[in-house]
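The block underneath contains the structure these notes are about, expressed in structure tokens.
Number of protein chains: 2
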Amino acid sequence: MASLTEENYLKSIHSLMEKSSSAPVTTNDLSAAMKIKAASVTDMLKKLSAKKLIHYKKYQGVLLTHTGKLLAISIIRKHRLWELFLTEKLKFSWDQVHEMAEELEHVSSQQLIERLDAFLGHPKFDPHGDPIPDHNGKMADYKFFNLSSLTINEKGKVATVIEQQPSFLKHLNKLNIKVGTTIKVLDRVDFDKSLTISVGSSSLFSISNEIAKNILVSK
Amino acid sequence: MASLTEENYLKSIHSLMEKSSSAPVTTNDLSAAMKIKAASVTDMLKKLSAKKLIHYKKYQGVLLTHTGKLLAISIIRKHRLWELFLTEKLKFSWDQVHEMAEELEHVSSQQLIERLDAFLGHPKFDPHGDPIPDHNGKMADYKFFNLSSLTINEKGKVATVIEQQPSFLKHLNKLNIKVGTTIKVLDRVDFDKSLTISVGSSSLFSISNEIAKNILVSK
DNA sequence: ATATTTTTTTAGGTTACTCTAAATTTATTT
DNA sequence: AAATAAATTTAGAGTAACCTAAAAAAATAT
Ligand SMILES: [Mn+2]
Ligand SMILES: [Mn+2]
Ligand SMILES: [Mn+2]
Ligand SMILES: [Mn+2]
Chain Y
23 MASLTEENYL KSIHSLMEKS SSAPVTTNDL SAAMKIKAAS VTDMLKKLSA
73 KKLIHYKKYQ GVLLTHTGKL LAISIIRKHR LWELFLTEKL KFSWDQVHEM
123 AEELEHVSSQ QLIERLDAFL GHPKFDPHGD PIPDHNGKMA DYKFFNLSSL
173 TINEKGKVAT VIEQQPSFLK HLNKLNIKVG TTIKVLDRVD FDKSLTISVG
223 SSSLFSISNE IAKNILVSK
Chain A
23 MASLTEENYL KSIHSLMEKS SSAPVTTNDL SAAMKIKAAS VTDMLKKLSA
73 KKLIHYKKYQ GVLLTHTGKL LAISIIRKHR LWELFLTEKL KFSWDQVHEM
123 AEELEHVSSQ QLIERLDAFL GHPKFDPHGD PIPDHNGKMA DYKFFNLSSL
173 TINEKGKVAT VIEQQPSFLK HLNKLNIKVG TTIKVLDRVD FDKSLTISVG
223 SSSLFSISNE IAKNILVSK
């Protein structure tokens with residue numbers, strides 16, 4: 023139905039819509055996110071519009087149609103299930119799996135993905151703490167708190183990370199921070215909002231606000 | 023390095039070379055096998071030749087170069103490992119896995135395939151009894167016997183099937199014949215070479231020579 | 001309300017892969 | 001050894017997905 027390229031556009035539009043709380047996504051946003059020139063993006067928007075996967079009016083940005091959204095979510099489902107397969111079964115670490123999942127998510131068999139889901143025990147979250155949509159597209163919708171917003175002596179359990187570049191994830195590995203880790207905020211420096219935290223039951227160190235802002239916790 | 027399309031051509035050339043015991047593969051052979059018009063095949067042959075993946079002289083057919091052969095075998099390795107994953111872990115039957123593996127074999131990560139190999143326990147054969155090349159391209163090379171060539175009262179263990187269309191595999195499912203099954207030839211009709219066989223320890227029935235010719239056994 | 005800047009679209013091209021129709025080469029028959 | 005048939009290549013074209021440069025529209029600043 024949709025080509026690999028079209029699938030990538032839909033996924034990108036979906037993720038930009040989430041970041042902008044469903045406001046129209048602009049051509050330039052897509053161009054920047056996908057590293058494809060704006061003129062090329064315009065071409066593809068016309069095509070996706072003709073296929074009724076997006077709502078598109080010249081100069082007005084785009085929104086996913088119902089069909090487009092379902093398709094986007096089904097690709098995200100595949101991406102996250104494959105990521106979990108790679109960490110759980112093949113023992114890759116969370117900083118290695120994204121790129122491979124970018125390819126695996128385009129494997130078309132619906133049956134394959136349902137079997138994979140069962141094989142993994144119908145998981146609810148991927149290795150980065152992102153929710154895995156079920157086969158109807160529904161996904162867990164918890165509200166998490168930014169680590170940087172916790173008060174002194176407050177504890178949180180790492181739920182998700184916002185920034186997911188391998189370099190950031192590898193840094194968290196060094197700090198022993200992963201999904202599920204309990205973090206307690208012990209102190210905050212007024213000047214730069216850096217935090218002194220304890221991780222798990224052992225170590226105690228300081229992290230910048232830049233890092234804290236990219237970690238979401240449940241209380 | 024090589025595109026999905028190029029990979030499919032190399033795989034096709036490899037399999038035709040095996041069938042013709044390494045004689046040059048013709049443009050028309052490829053055209054028929056890949057269901058792509060001969061003119062298009064010629065275009066691609068020029069391209070693969072420029073990349074030194076095949077030996078190609080106008081009108082003279084093609085052979086894989088050393089590099090081309092290594093690449094073809096690495097794709098076959100991926101194909102067969104994914105097929106085994108699908109049967110062993112996701113519980114698909116041998117008649118369902120080929121199509122999915124046709125897509126999965128193009129996922130590029132070398133690391134992924136090495137981990138998958140380990141996860142499956144470094145298997146030697148795929149669900150159809152075909153040998154899985156190891157990471158250096160070496161594969162088991164047993165000599166098997168055609169079921170149709172067994173003498174009366176001779177036994178064999180099913181090792182591979184030649185024809186691998188889903189329809190044929192499903193028929194074998196019905197007959198309870200799979201890789202590993204022991205078959206004993208009890209009688210042969212002179213007129214049409216059809217065989218009366220016993221399968222495993224139970225059933226006893228007749229199969230046509232057409233079917234027998236597509237089953238290879240070890241003695 | 002104009003002028004300037006920024007964003008987006010259009011116009012015209014390129015590459016990868018496919019096609020049909022015509023030309024050429026090789027193989028087979030007579 | 002021609003003549004005919006079959007296989008292969010060339011020529012010309014189309015679609016998908018990209019690009020740069022120029023034009024047009026929208027947003028911002030004066
Ligand atoms: Mn990812
Ligand atoms: Mn993820
Ligand atoms: Mn197969
Ligand atoms: Mn196989």
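Line order of the protein sequences matches chains Y and A.
The first sequence: position 104 = 126 (my numbering), numbered continuously.
The second sequence: position 174 = 196 (my numbering), numbered continuously.
Backbone N, C-alpha and C define an ideal beta-carbon position, used for all residues, glycine too.
| Check | Outcome |
| --- | --- |
| Selection from Y:203, Y:94, Y:214 and Y:238 that minimises the alpha carbon distance to residue 225 of chain Y | Y:203 |
| Check whether residue 181 of chain A and residue 217 of chain A have beta carbons under 8 Å apart | no |
| Candidates Y:146, Y:108, Y:151 and Y:101, of which the one nearest residue 129 of chain Y by Cα | Y:101 |
| Span separating the alpha-carbon of residue 167 of chain A from that of residue 236 of chain A | 11 Å |
| Check: residue 120 of chain A C-beta below 7 Å from any heavy atom of ligand 4 | yes |
| Proximity of residue 123 of chain A and residue 105 of chain A at Cβ, strictly below 8 Å | yes |
| Where residue 182 of chain Y falls: helix, strand or coil (DSSP) | strand |
| Cutoff 8 Å: residue 99 of chain A Cβ touching any chain Y Cβ | no |
| Residues, ordered as in the chain, of the region 115-144 of chain A that lie near chain Y by beta-carbon distance below 9 Å | 118, 121, 122, 125, 126, 128, 129, 130, 131, 133, 134, 137, 138, 140 and 141 |
| Per-residue burial, residue 196 of chain A [other beta carbons within 10 Å of its own, 16 or more giving buried] | exposed |
| Contacts of residue 113 of chain A in chain Y (Cβ-Cβ under 8 Å) | 137 |
| Proximal residues to residue 103 of chain Y (C-beta, below 7 Å), its chain only, five neighbours per side dropped | 135, 138, 139, 142 and 154 |
| Spatial distance of residue 119 of chain Y from residue 108 of chain Y (CA atoms) | 6 Å |
| Any non-hydrogen atom of ligand 3 closer than 7 Å to residue 105 of chain A Cβ | yes |
| Closer than 7 Å: residue 123 of chain A CB and nearest ligand 3 heavy atom | yes |
| Where residue 209 of chain A sits in the DSSP three-state scheme | strand |
| Residue 38 of chain A versus A:27, A:28, A:29 and A:52, residue with shortest Cα-Cα distance | A:52 |
| Bounding residues of the alpha helix (DSSP H) (the contiguous stretch that carries residue 297 of chain A) | Summary: the structure shown does not reach residue 297 of chain A, with chain A confined to residues 23 through 241, and so no result is reported for it. |
| Three-state class that DSSP yields for residue 239 of chain Y in the structure shown | strand |
| heavy atom of ligand 3 below 7 Å from residue 36 of chain A C-beta | no |
| Among Y:125, Y:45 and Y:169, nearest to residue 132 of chain A - alpha-carbon criterion | Y:125 |
| Per DSSP, the bridge partner or partners of residue 153 of chain A | A:147 |
| Own chain, CB closer than 6 Å to residue 209 of chain Y, minus 5 neighbours either side, in chain order | 218 |
| For residue 49 of chain A, the nearest candidate out of A:79, A:43 and A:24 (CA to CA) | A:79 |
| Closer than 7 Å: residue 77 of chain A CB and nearest ligand 3 heavy atom | no |
| Reference residue 215 of chain A, options A:76, A:192, A:174 and A:201, closest by Cα | A:174 |
| Helix, strand or coil at residue 168 of chain A [DSSP, three-state] | strand |
| Heavy atom of ligand 1 within 7 Å of residue 128 of chain Y beta-carbon | no |
| Beta-carbon contacts of residue 75 of chain Y that lie in its chain and below 8 Å, excluding the five residues immediately before and after | 24, 28, 32, 86, 87, 89, 90 and 93 |
| Closest residue to residue 230 of chain A among A:212, A:223 and A:60 (Cα-Cα distance) | A:212 |
| Alpha helix (DSSP H) segment containing residue 218 of chain A, residue limits | Element bounds for residue 218 of chain A: not the alpha helix (DSSP H) but the beta strand (DSSP E), 217-221. |
| Residues sharing a beta bridge with residue 76 of chain Y, DSSP | Y:86 |
| Pair within 8 Å by beta-carbon distance, residue 178 of chain Y and residue 113 of chain Y | no |
| Simplified DSSP state of residue 190 of chain Y, which is helix, strand or coil | helix |
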